[in-house]
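Student:
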Amino acid sequence: MADNNKRAPNPVISSSLSEAAASTVLDGLDAGFTIDEIAPDRGPKIRGEAKFNQEKLNELVSLSSKGAPIPGQSLTNNTESTYSWEKPPKFTNPREALDDVVGSIMQPEAMKNIVSALAQGAAVADLGTAILYAKFNEGKITPDVMMMLAEPVMYTIMAIGEEANIQYNIEGNDLDEFDEEDNDEEFKGKVNEFRNVLTDIKKGATKNIEPSKIDSNVVPESILAQVKEKGPEIKSLLSKGEE
Amino acid sequence: MGLFKTLKKAFKKVTGFVKKAVKKVVKGVKKVVKKVSSSKILKALAIAAAVIVTGGAAMSAMGATTGAGLFGSTVGAAAGGTGFAGWMTGTAASLTSTALGSALATPFTMLGTGLGKAALALGVPAISNAAVSAPLTTAQITANLNLPTTIPGATAVPGATTIPGATAVPGATSSVAGLNLPTTIPSAAGATGTAAQQLAVTVPKSLGLPAASATPTASWFARHPKLTSAGIGVASNVATGVLTGAAMQYIQGDPDTVGGGGAQAAYEGAEFMDPLKVYAAQQGINTDGIYQHMMYGNQDPSSQYGNDLYRQQTFGVA
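Taken in sequence, the protein lines are chains U and F. Going by the working numbering, the first residue of the first sequence is number 1, and it counts up by one from there. Going by the working numbering, the first residue of the second sequence is number 244, and it counts up by one from there.
Encoded structure:
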């Protein structure tokens, strides 16, 4: 049973999986879990960086240039032997379809391929698209159900990637997007902090400086005497020169 | 434009939307949980989402080898489901009980890649629902602890059956062996009534004081007869009125609640407070067809897979 020291989870229900997951995580944190308990750190991640491969690109181009069907070609097909997606789908209920898709993803061989693809830089969105498109091609789901399952399937692939300790791309080559955002935020925070300190110095600290109170041990007396003597004649290095 | 191109475009839009939603949610959580990296929040969200999507079955499949991460830091915690995933789903045992869960039980173990090996190298075995071994007996605990049976240097106290120097209390008619306690109150002869009344006579007598005496006081009602009789009259009248009213209402029945003055608030039963029904009402969903709607959370119909209803034993059909 669940931990007795923690309160029971609050009811969560949403039409968006992202929102439901966020609510659940926040509820878990509120119940007493730490972020490390929810998402334990397991050392440095494998970088799933996409690398350009000219040979594979050439292969893809040659495949796509082999010719497309002539417009209207499908109308000449035999009506007796229809494509799978032209027949009624196997699953009209998105829940049953999701169970079938997730069941296929979680098979050892499929999971091995997914982990390998993620580690080599394939994006979660592309993998999700390929999986769902294959299901549509098999005549198991309708295009509408395919769209509805995009989010849960993407999250399932992300969970596999996390479990395999891979730093994966979500869409395109966005491997470091979250880290860059973190760095940007950190940089902005430090700049703001610096500005605040500078403003404080400008406003307050400079007012309180009096030549009589300057410690002679810090500034040599000879220099202090020069400052007192010349006073207003001393100009900043950045000040305008005489015209 | 052909069907496939349309699908491709639509899918790109959907995936773009999902990525935006993920980023938005990560930012939202980050505002609450400060000083935590976005990638960590993303990981937490992915785990939570996978548990929601599969009712925990996916996490069971992966957590079977990486129990430290998802079900807790120890084997006991893993089996008991005290980790986050266990907390979310209520019990770890339910995770593998579904059709989906049993189908997914071991892919990570079977993979034999770094996924399974990493956990095994850390000494985290797979989740086991095997019964815990029998508890230790007192003798086994004592034997294991190797406790001394006697305190070193301790010997029997001579004459320990009586308190040394104890003598009989004067006036005691009998005594308990050893302690010499009196069993009757001294000079209790002649005193009557309860123990307190006897003590009130005997104690002062033994101390050479005059016995305590007090004249009985009449009650408040006895001292105020007029007020008492008036009060009884009022109470009798009120009780008669209430009983008459109740009898009349019983005979005539409840008045009809007609018009604004007669309208009453309907009592909302617990059935209508069900989160799923509240959500369905808000979204304009007919609850009879709720299974057709995709929704996520611990209250949606798919989350009920782990309930006892779906885990009870069934009879095979001959």
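Just so it is clear, CB atoms sit at the ideal spot from N, CA and C, and this is done for glycine as well.
1. Please say whether alanine 291 of chain F and valine 25 of chain U have beta carbons closer to each other than 8 Å?
2. Please decide whether serine 62 of chain U counts as near chain F, where near means a Cβ-Cβ distance under 8 Å.
3. Going by C-alpha distance, which of U:Gln120, U:Leu198, U:Asn196 is nearest asparagine 53 of chain U?
4. Does any CB atom of chain F fall closer than 8 Å to the CB of threonine 156 of chain U?
5. Which residues bound the alpha helix (DSSP H) around tyrosine 155 of chain U?
6. Taking a cut of 8 Å between CB atoms, which residues from the stretch 87-104 of chain U lie near chain F?
7. What are the residues in the stretch 268-292 of chain F lying within 8 Å of chain U by C-beta distance?
8. Give every residue of the same chain whose Cβ lies closer than 6 Å to the Cβ of asparagine 192 of chain U, excluding the five residues on either side of it in the sequence, and list them in chain order.
9. Exposed or buried, glycine 329 of chain F, counting other C-beta atoms within 10 Å across all chains shown (16 or more means buried)?
10. Please state whether the Cβ-Cβ distance between proline 152 of chain U and leucine 63 of chain U is less than 8 Å.
11. Figure out for me which residue from U:Gly48, U:Pro94, U:Pro11, U:Pro88 has the closest Cα to the Cα of glycine 532 of chain F.
12. For glutamate 171 of chain U, which residues of its own chain have a beta-carbon under 6 Å away from its beta-carbon, when the five flanking residues on both sides are left out?
13. If you measure between the beta carbons of leucine 98 of chain U and valine 296 of chain F, is that distance less than 8 Å?
14. Answer yes or no: does any C-beta atom of chain U fall closer than 8 Å to that of threonine 445 of chain F?
15. Can you confirm whether alanine 524 of chain F, when its beta carbon is compared against all beta carbons of chain U, has any partner nearer than 8 Å?
16. Once DSSP output is grouped into helix, strand and coil, what is the label at alanine 289 of chain F?
17. Consider the Cβ of leucine 127 of chain U: report whether some Cβ of chain F lies at a distance smaller than 8 Å.
18. Would DSSP call glycine 540 of chain F helix, strand or coil?
19. Quick check: what's the CA-CA separation for isoleucine 114 of chain U versus threonine 156 of chain U?
20. Whose Cβ in chain U lies nearer than 7 Å to the Cβ of alanine 253 of chain F?
21. Measure the C-alpha to C-alpha separation of lysine 66 of chain U and lysine 256 of chain F and round it to an integer number of angstroms.
22. Alpha carbon to alpha carbon, how far is asparagine 58 of chain U from lysine 51 of chain U?
23. Answer yes or no: does any C-beta atom of chain F fall closer than 8 Å to that of serine 15 of chain U?
24. So, do the stretch 129-139 of chain U and the stretch 174-183 of chain U have three or more beta carbon pairs nearer to each other than 8 Å?
25. Shorter than 8 Å from the beta carbon of alanine 22 of chain U to some beta carbon of chain F?
26. Label glutamate 233 of chain U either buried or exposed according to how many other C-beta atoms from any shown protein chain fall within 10 Å of its C-beta, with 16 as the threshold for buried.
27. Does glutamine 495 of chain F get closer than 8 Å to chain U when you measure Cβ to Cβ?
28. Going along chain U in order, which residues have a C-beta closer than 7 Å to the C-beta of glutamine 440 of chain F?
29. If we call anything under 8 Å between Cβ atoms a contact, is alanine 164 of chain U one with tyrosine 539 of chain F?
30. Mind checking which residues open and close the alpha helix (DSSP H) that includes valine 261 of chain F?
31. So the candidates are U:Val219, U:Val145, U:Leu118; which of them puts its Cα closest to the Cα of glycine 48 of chain U?
32. May I have the straight-line CA-CA distance separating isoleucine 494 of chain F from valine 477 of chain F, to the nearest angstrom?
33. Please report how far the alpha carbon of serine 280 of chain F lies from the alpha carbon of threonine 258 of chain F, in whole angstroms.
34. Closest Cβ-Cβ distance between valine 25 of chain U and chain F: below 8 Å?
35. Tell me whether phenylalanine 247 of chain F is buried or exposed, calling it buried when 16 or more other Cβ atoms sit within 10 Å of its Cβ.
36. For proline 9 of chain U, is the classification buried or exposed, using 16 other Cβ atoms within 10 angstroms of its Cβ as the cut-off for buried?
Tutor: With the structure as the only source:
1. The sequence position of residue 25 of chain U within the first sequence is 25, counting from 1. The sequence position of residue 291 of chain F within the second sequence is 48, counting from 1. For valine 25 of chain U and alanine 291 of chain F, yes; Cβs fall inside 8 Å.
2. Position 62 of the first sequence holds residue 62 of chain U. It does not: the Cβ of serine 62 of chain U has no partner Cβ on chain F nearer than 8 Å.
3. On the first sequence, position 53 is the one that residue 53 of chain U refers to. That would be U:Gln120, whose Cα lies nearest to the Cα of asparagine 53 of chain U.
4. Here residue 156 of chain U refers to the residue found at position 156 of the first sequence. Chain F contact via Cβ: present.
5. Taking the first residue of the first sequence as 1, we reach residue 155 of chain U at position 155. Looking at the DSSP string, the run of the alpha helix (DSSP H) that includes tyrosine 155 of chain U is 150-163.
6. Residues of the stretch 87-104 of chain U with a Cβ closer than 8 Å to any Cβ of chain F, in chain order: Asn93, Pro94, Arg95, Leu98, Asp99, Val102, Gly103.
7. So the close ones are Val268, Val269, Gly271, Val272, Val275, Val276, Val279, Ser280, Ser281, Ser282, Lys283, Ile284, Leu285, Lys286, Ala287, Leu288, Ala289, Ile290, Ala291, Ala292.
8. In the first sequence, the residue the question calls residue 192 of chain U occupies position 192. Nothing listed; no residue qualifies.
9. Stepping through the second sequence from its first residue, residue 329 of chain F is reached at position 86. The residue in question, glycine 329 of chain F, is buried, as its Cβ has 16 or more Cβ neighbours within 10 Å.
10. Here residue 152 of chain U corresponds to residue number 152 of the first sequence, with the count starting at 1. Here residue 63 of chain U corresponds to residue number 63 of the first sequence, with the count starting at 1. Judged by beta-carbon spacing, leucine 63 of chain U lies beyond the 8 Å limit of proline 152 of chain U, meaning their Cβ atoms are not closer than that value.
11. Counting from one through the second sequence, the residue named residue 532 of chain F turns up at place 289. That would be U:Pro94, whose Cα lies nearest to the Cα of glycine 532 of chain F.
12. Taking the first sequence and counting its residues from 1, one reaches residue 171 of chain U at position 171. Hits under 6 Å: Ala123, Ala125.
13. Translated into the one-based positions of the first sequence, residue 98 of chain U becomes position 98. Translated into the one-based positions of the second sequence, residue 296 of chain F becomes position 53. Cβ atoms of leucine 98 of chain U and valine 296 of chain F: closer than 8 Å.
14. For the purposes of this step, residue 445 of chain F is identified with residue 202 of the second sequence, where counting begins at 1. For threonine 445 of chain F, the closest Cβ of chain U is not nearer than 8 Å.
15. Stepping through the second sequence from its first residue, residue 524 of chain F is reached at position 281. The beta-carbon of alanine 524 of chain F is placed no less than 8 Å from the nearest beta-carbon of chain U.
16. Taking the second sequence and counting its residues from 1, one reaches residue 289 of chain F at position 46. In the structure shown, alanine 289 of chain F sits in a helix (DSSP, three-state: H, G or I).
17. Residue 127 of chain U sits at position 127 when you count from the first residue of the first sequence. With a threshold of 8 Å between beta carbons, leucine 127 of chain U makes no contact with chain F.
18. One-based indexing of the second sequence puts residue 540 of chain F at position 297. Correct three-state label for glycine 540 of chain F: strand.
19. Start at 1 with the first residue of the first sequence, and residue 114 of chain U comes out as number 114. Start at 1 with the first residue of the first sequence, and residue 156 of chain U comes out as number 156. Computed Cα separation, rounded: 11 Å.
20. For the purposes of this step, residue 253 of chain F is taken as residue 10 along the second sequence, with counting starting at 1. Chain U residues near alanine 253 of chain F: Met147.
21. Taking the first sequence and counting its residues from 1, the one referred to as residue 66 of chain U is at position 66. Taking the second sequence and counting its residues from 1, the one referred to as residue 256 of chain F is at position 13. The straight-line gap separating the alpha-carbon atoms of lysine 66 of chain U and lysine 256 of chain F is approximately 28 Å.
22. Indexing the first sequence from 1 puts residue 58 of chain U at position 58. Indexing the first sequence from 1 puts residue 51 of chain U at position 51. Here the alpha carbon of asparagine 58 of chain U sits roughly 15 Å from the alpha carbon of lysine 51 of chain U.
23. Numbered from its first residue, the first sequence carries residue 15 of chain U at position 15. Yes, contact with chain F.
24. No, they do not touch.
25. Working through the first sequence from its first residue, we reach residue 22 of chain U at position 22. For alanine 22 of chain U, the answer is yes, since a Cβ of chain F falls inside 8 Å of its Cβ.
26. Walking along the first sequence from the start, residue 233 of chain U turns up at place 233. Counting Cβ neighbours within 10 Å, glutamate 233 of chain U comes out exposed, since fewer than 16 surround it.
27. Along the second sequence, one-based indexing puts residue 495 of chain F at 252. Chain U contact via Cβ: absent.
28. Reading the second sequence from its first residue, position 197 is the one you call residue 440 of chain F. Neighbours of glutamine 440 of chain F across chain U, judged by C-beta separation under 7 Å, do not exist; the nearest C-beta is about 55 Å away.
29. Sequence index remark: in the first sequence, residue 164 of chain U carries index 164 (1-based). Sequence index remark: in the second sequence, residue 539 of chain F carries index 296 (1-based). At the C-beta level, alanine 164 of chain U and tyrosine 539 of chain F stay beyond 8 Å of one another.
30. On the second sequence, position 18 is the one that residue 261 of chain F refers to. It spans 246-275 - the alpha helix (DSSP H) in which valine 261 of chain F sits, taken as one unbroken run.
31. Here residue 48 of chain U corresponds to residue number 48 of the first sequence, with the count starting at 1. Of the candidates U:Val219, U:Val145, U:Leu118, the one whose C-alpha sits nearest the C-alpha of glycine 48 of chain U is U:Leu118.
32. The count along the second sequence starts at 1 and reaches residue 494 of chain F at position 251. The count along the second sequence starts at 1 and reaches residue 477 of chain F at position 234. Isoleucine 494 of chain F and valine 477 of chain F: Cα-Cα distance of roughly 26 Å.
33. Numbered from its first residue, the second sequence carries residue 280 of chain F at position 37. Numbered from its first residue, the second sequence carries residue 258 of chain F at position 15. The straight-line gap from Cα to Cα measures roughly 23 Å.
34. Working through the first sequence from its first residue, we reach residue 25 of chain U at position 25. Chain F, which has a Cβ nearer than 8 Å to the Cβ of valine 25 of chain U, makes this yes.
35. For the purposes of this step, residue 247 of chain F is taken as the residue at position 4 of the second sequence. Counting Cβ neighbours within 10 Å, phenylalanine 247 of chain F comes out exposed, since fewer than 16 surround it.
36. For the purposes of this step, residue 9 of chain U is taken as residue 9 along the first sequence, with counting starting at 1. Taking a 10 Å sphere around the C-beta of proline 9 of chain U, we find 16 or more other C-beta atoms and assign the residue as buried.
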